[in-house]
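Following: one structure in structure tokens, then a few remarks.
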Amino acid sequence: MKKYIIKRILAVIPILLVVSVVIFSLVHLTPGDPAVAILGSDATQEDILALREAMGLNDPIPVQYVNWIVDVFHGDLGNSVVSNAPVASVLKGHFLPTINLAAFAMIISLFVSLPLGMVAARKRGKLTDQIVSVIALCGISVPSFLLGLGLMMLFSVKFRIFPVSGYAPWSAGAIEHIRSLTLPAIALGFMYAALMMRMTRASMLEVLGSDYIKMAKAKGVKEGALIGIHAFKNALVSILTVIGQSIIGALSGAAVVETVFGIPGLGSLIVSSIGRRDYEVIQGIVLLIAFINVFINLITDIAYSFVDPRIRVQ
Amino acid sequence: MKKRTAKWLTTILLSATMILGLTACNSKSEPTTGETTAESKAEYNLPSNETEAAAVDKANVKEIMNIAVSQEGANYDVHKTTTLVARQLFSGTVWEKLVTLNGNAEVVPELCSSWEMSEDATTFTFNLREGVLFHDGTELKADDVVASMNRWIEAFSTAKDLVGNGRFEKVDDYTVKIVCDSAALTLVDMMAGAAQPAIVTTKSICENEDENGYLKEYIGTGPYKFVEWVQGQYITFEKFDDYVPYYLEGTTEEIMDGWAGYKHAYTKQLKFWYVPEAATRVAGLQTGQYDVILSLDSENSKIVEGSTGLEVASEQAGTIALVFNKSEESIAQDINIRHAVNAVANSDDLMMSAFGDYYDLGSCYMDESNAFWLTDAGSEYYNIKDEAKAKEYLETAGYNGETFKILAPTLNHYDNIALVLKAELEAIGMTVEVETVDWATFTTLREDKTVFDLYITSFASVPVPSLKAYYGPEYPGWTVDDTMAEKLAAFNQSTTKEQAYEAWVALQQYSWEYLPCINAGHYGTGYGYSEAVSGLSFGNGVYFWDAYIPQ
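Sequence order for the protein chains is A and B. Every number in the numbering used here is 1 more than the matching position in the first sequence, counting from 1. Every number in the numbering used here is 1044 more than the matching position in the second sequence, counting from 1.
Below is the structure:
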């Protein structure tokens, strides 16, 4: 197992290298540059050209890439070309809100989706199943920004329970922290809850139809144990895949929700960085997300072997 | 079968209930608003700026004011950026200038007590106020002013062109002067109101730049000191207890006029929250999370106006320019093509498509806030909406179905203007292509002479006409015309304001004849605030140096 994990971690390096080339090329070949973002829309052409030259943006792209990647191998992701802050510290500042938001969204998703998915499978074709299906359909169809705005109007503007926007870190107190993340976590988690709900229902239906479940039922195993232990454990392998993908999605795809609720996470950072063509920050975020992607896939693979010992990771 | 039908009905009803529930949540807070009219003149509402100091009970003022802004600056070194948010948050609040603008856009002293200009408008001498303190506790001296002003000149090419090789020099600790190569009548106007404000910081701060050449610290003389910028979240200013206020020239009353006058800093802390989403800013104002919100558009201003306890202020903010490509690569190099587009363009429709009610029409290239420069020269060419005339121009140009390319950024719905213009041009038989892109892409594409024949952009209010970038031969659109250059030079070489005005009238008249761009109209912007907030200062932005909320 150790060997496998080391091998997988080492495999990250070529992946990140390929990602770095692709993202560097995409970012630098896209029209627009940071000089205008810094100087503003009323800047004269003369000032823009001078700043471009000063920032080294006129150097050939391969030269810029080599300079950057050499620094990355030395552990230096560079400085934001716009604010001049080190990219590592910019990412650090925005990573925690995203992690907290994604974790909260996943907790909500799991608590909603797994029980409802199991109940829907058990009550297949009945009204409960239909209701769960409608909820899942809404979760998949309703865009997160629309849900977010709806939640904001209801729970912030009308009932004044949660703040409209902003992020309170843990240091501001657990209650404030949770209050600031509740609505964005629901808006973000609803879609993933729907996906997990459908996957749980489908997997459970498959397992519930198998012979060993019929045998357990015939032996008089109680309903709770039958669903919760025997069936769910075996359905978990496919659900784990969706959970892993959902975590990656929540970490890398929260841009809209973060923008609507003013959460200073990686999503809102990448949106503003793209708008400003802050090359170094965009590259840093994409590398980080690629790394997270590989890491979570590794964790998911390892988790398979614990859930189902028949699965050999090697 | 019936049972199954009933289940499906239940399902559908449940879905419908959820969707309606969401819709109701949204619509409930929206007030009933009047119908949009085709009236072209915006009715801006800008409250008076004067504050009755005696009426404010300083002991019972809320300590923190929360303000939601739509943009976050890349940095706030205003010598080197023209971004509105940098100017609006920092200029006058954290930083002050040698001179500033009063409510009539006239240049008045701020950090200087007086200034003199030589008769030939080449030499300017500024006498500094004594005893003014920076936020680091040091006193404002000539060395600080010289370092700051020369740094501003180096960063601002328009000012650099104006002064030539002249730079600020110290005369004594409280006097500085600059000797320009030629007449530079508008220098003080630029110092007072340019988009890149000529703010004054300490000499040591000017010398302590980061590797990209930006200020590392934000130290000024204003009524608030910079405390913290948490990127992506907020900026905090705190009252500067040792602030040295000044009276308007010739008065001893504690009042403000425009950006000038006696600043009280009643509120202990100003917190500017970065909230990019317009609906979130409005919802935050409705719940009281924010006391003031900026960048309120026409549509959202109606929601705010309809909400209990909230107020809206609005003002003209700048002009929309449809800039022609006058290079050889474009069919718009032909003046008749430019006049054809101008003849058919319906400014009302163009402006309404992007700004709702927040616009007004007017042929003057300058905005209302700079009343001195207003003129109707060339108005006979403005908004004529004459299809027959437009077709005549096309015929004279020998137009033969060539594609006319419009480039527009998606920023602030400028793409809507492009689509309306496309329809109008197609009505006179032109073949039109529209390309809409994000702002950053737009700024690069417009440098390519083969990409567009016309692009759409905006210009914020400027204190002097020569700051309109489209007169420059290097600015995308490439105005290379001897007559235009002569008229611009005549303006720049004026030695009196009256002479400059005459030159500007001639320049604007020629601009409408030559058409480097079409001035489509003037756009507005709004600010929403709780009715509990008093003392806001308006005028080319909203400012907080006298703002307070009674407890």
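Where a beta carbon is used, it is the ideal one built from N, C-alpha and C, also for glycine.
Partners in chain B for residue i, counting only beta-carbon separations shorter than 7 Å
i, result
"THR260/A", "PRO1320, GLU1321"
"THR242/A", "Correct list: empty, because the minimum Cβ distance to chain B is about 28 Å."
"ASP34/A", "THR1488"
6 Å CB neighbourhood of residue i in its chain, flanking five on each side removed
i, result
"VAL1319/B", "ALA1112, ARG1325"
"LYS1247/B", "ASP1187, ASP1188, ALA1191"
"ALA1203/B", "ILE1197, MET1234"
"ALA121/A", "ASP130, VAL133, ARG202"
"GLY1302/B", "LEU1145, ASN1146, GLY1147, GLY1583"
"TYR1426/B", "SER1407"
"TYR1499/B", "VAL1367, LEU1451, ARG1490"
"SER1073/B", "Residue confidence for SER1073/B is low, a pLDDT of 34 falling below 50, so the modelled location carries little weight and cannot support an answer."
"LYS1676/B", "In the structure displayed, chain B extends from 1045 to 1595; residue 1676/B sits before or after that span and is not available."
Proximity of residue i and residue j at Cβ, strictly below 8 Å
i, j, result
"PHE1596/B", "ILE1461/B", "Any property of residue 1596/B remains undetermined from this structure, which presents chain B solely from 1045 to 1595."
"ALA1434/B", "VAL1388/B", "yes"
"SER1136/B", "THR1125/B", "Per the sequence presented here, residue 1136/B reads as Gly, with Ser not at that position. Going by C-beta atoms, GLY1136/B is not nearer than 8 Å to THR1125/B."
"PRO1509/B", "VAL1481/B", "no"
"VAL272/A", "GLY149/A", "no"
"TRP1589/B", "ALA1309/B", "yes"
"GLY1208/B", "CYS1224/B", "yes"
"THR1296/B", "TRP1139/B", "no"
"TYR1514/B", "MET1395/B", "no"
"ALA1544/B", "THR1230/B", "yes"
"ALA1228/B", "LEU1206/B", "yes"
"ALA1421/B", "GLN1553/B", "yes"
"ASP1525/B", "TYR1558/B", "yes"
"LEU237/A", "ALA188/A", "no"
"ASN1584/B", "SER1505/B", "yes"
"TYR193/A", "GLY250/A", "yes"
"GLU1107/B", "THR1311/B", "yes"
"VAL1143/B", "VAL1129/B", "no"
"SER1371/B", "LYS1493/B", "yes"
"MET56/A", "VAL82/A", "yes"
Contacts of residue i in chain B (Cβ-Cβ under 9 Å)
i, result
"HIS95/A", "GLN1275, GLY1276"
"ARG53/A", "Chain B residues near ARG53/A: none, gap ~10 Å exceeds 9 Å."
7 Å Cβ shell around residue i - same chain, five flanking residues per side excluded
i, result
"ALA186/A", "LEU102, PHE105, ALA106, ILE109"
"ILE240/A", "MET197, MET200, THR201, SER204"
"GLY1210/B", "ILE1222, VAL1223, CYS1224, ASP1225"
"GLU1546/B", "none"
"GLU1174/B", "TYR1218"
"VAL1271/B", "THR1280, PHE1281, GLU1282"
Contacts of residue i in chain A (Cβ-Cβ under 9 Å)
i, result
"ASN1119/B", "ILE39, VAL83, SER84, ASN85"
Listed by chain order, chain B residues near residue i by CB distance under 8 Å
i, result
"VAL91/A", "GLN1275"
"TYR280/A", "Simply none; closest approach about 11 Å."
"VAL158/A", "SER1073, ALA1327, GLN1330, THR1331"
"MET56/A", "ASN1256"
"MET197/A", "Those within 8 Å of MET197/A in chain B number zero; the least Cβ separation is about 19 Å."
Partners in chain A for residue i, counting only beta-carbon separations shorter than 7 Å
i, result
"TYR1258/B", "ASN85"
"THR1127/B", "GLY41"
"SER1201/B", "THR45, GLU47, ASP48"
Close Cβ partners of residue i (< 8 Å) along its chain, the five nearest in sequence each way excluded
i, result
"THR1067/B", "Low confidence applies here, because THR1067/B scores a pLDDT of 39, under 50, leaving its location unreliable and the question unanswered by this model."
"ILE1243/B", "VAL1122, HIS1123, PHE1134, SER1135, TRP1139, GLU1140, LYS1141, SER1192, TRP1196, GLY1264"
"ALA22/A", "Note that residue 22/A is Val in the sequence shown, not Ala. Answer for VAL22/A: TYR66, listed in chain order."
"ASN80/A", "ALA86, PRO87, VAL88, GLU281"
Closer than 8 Å at the beta carbon, the chain A residues around residue i
i, result
"ASP1254/B", "ASN85"
"TYR1026/B", "The structure shown does not extend to residue 1026/B, since chain B is modelled only from 1045 through 1595, so no value can be given for it."
"TRP1317/B", "SER166, GLY167, GLY263"
Test: residue i CB closer than 8 Å to a CB of chain C
i, result
"GLU1477/B", "Protein chains in the displayed structure are A and B, and chain C is not among them."
Any non-hydrogen atom of the ligand GDP closer than 7 Å to residue i Cβ
i, result
"THR1280/B", "With respect to the ligand GDP, the structure shown offers nothing to examine, as it has no ligands at all."
> Which full runs of the alpha helix (DSSP H) of 4+ residues lie inside the stretch 109-192 of chain A, going along the chain?
Replying inline: 128-142, 145-152
>> Report the start-end ranges of each beta strand (DSSP E) in the stretch 1091-1161 of chain B that is 3 residues or longer and not cut off at the edges.
In response: 1108-1113, 1143-1145, 1151-1153, 1156-1161
>> For the stretch 1354-1363 of chain B against the stretch 1572-1583 of chain B, do three or more pairs of beta-carbon atoms, one drawn from each stretch, fall closer than 8 Å, so that the two count as touching?
In response: yes
> Is it true that the stretch 180-198 of chain A meets the stretch 132-145 of chain A, where meeting means three or more beta-carbon pairs spaced less than 8 Å apart?
Replying inline: yes
> With contact counted as at least three CB pairs below 8 Å, one residue from each stretch, are the stretch 1423-1434 of chain B and the stretch 1383-1401 of chain B in contact?
Replying inline: yes
>> Pairs of beta-carbons, one from the stretch 156-167 of chain A and one from the stretch 205-220 of chain A, closer than 8 Å: are there three or more?
In response: no
> Is the stretch 1156-1170 of chain B in contact with the stretch 8-22 of chain A, if contact means three or more CB pairs nearer than 8 Å?
Replying inline: no
>> With three or more beta-carbon pairs closer than 8 Å as the criterion, would you say the stretch 11-20 of chain A touches the stretch 289-296 of chain A?
In response: yes
>> As an exercise, report each continuous alpha helix (DSSP H) stretch of at least 4 residues that is fully enclosed by the stretch 1430-1460 of chain B, in chain order.
In response: 1431-1441
> Is the stretch 1467-1480 of chain B close to the stretch 1367-1378 of chain B, with three or more CB pairs under 8 Å?
Replying inline: no
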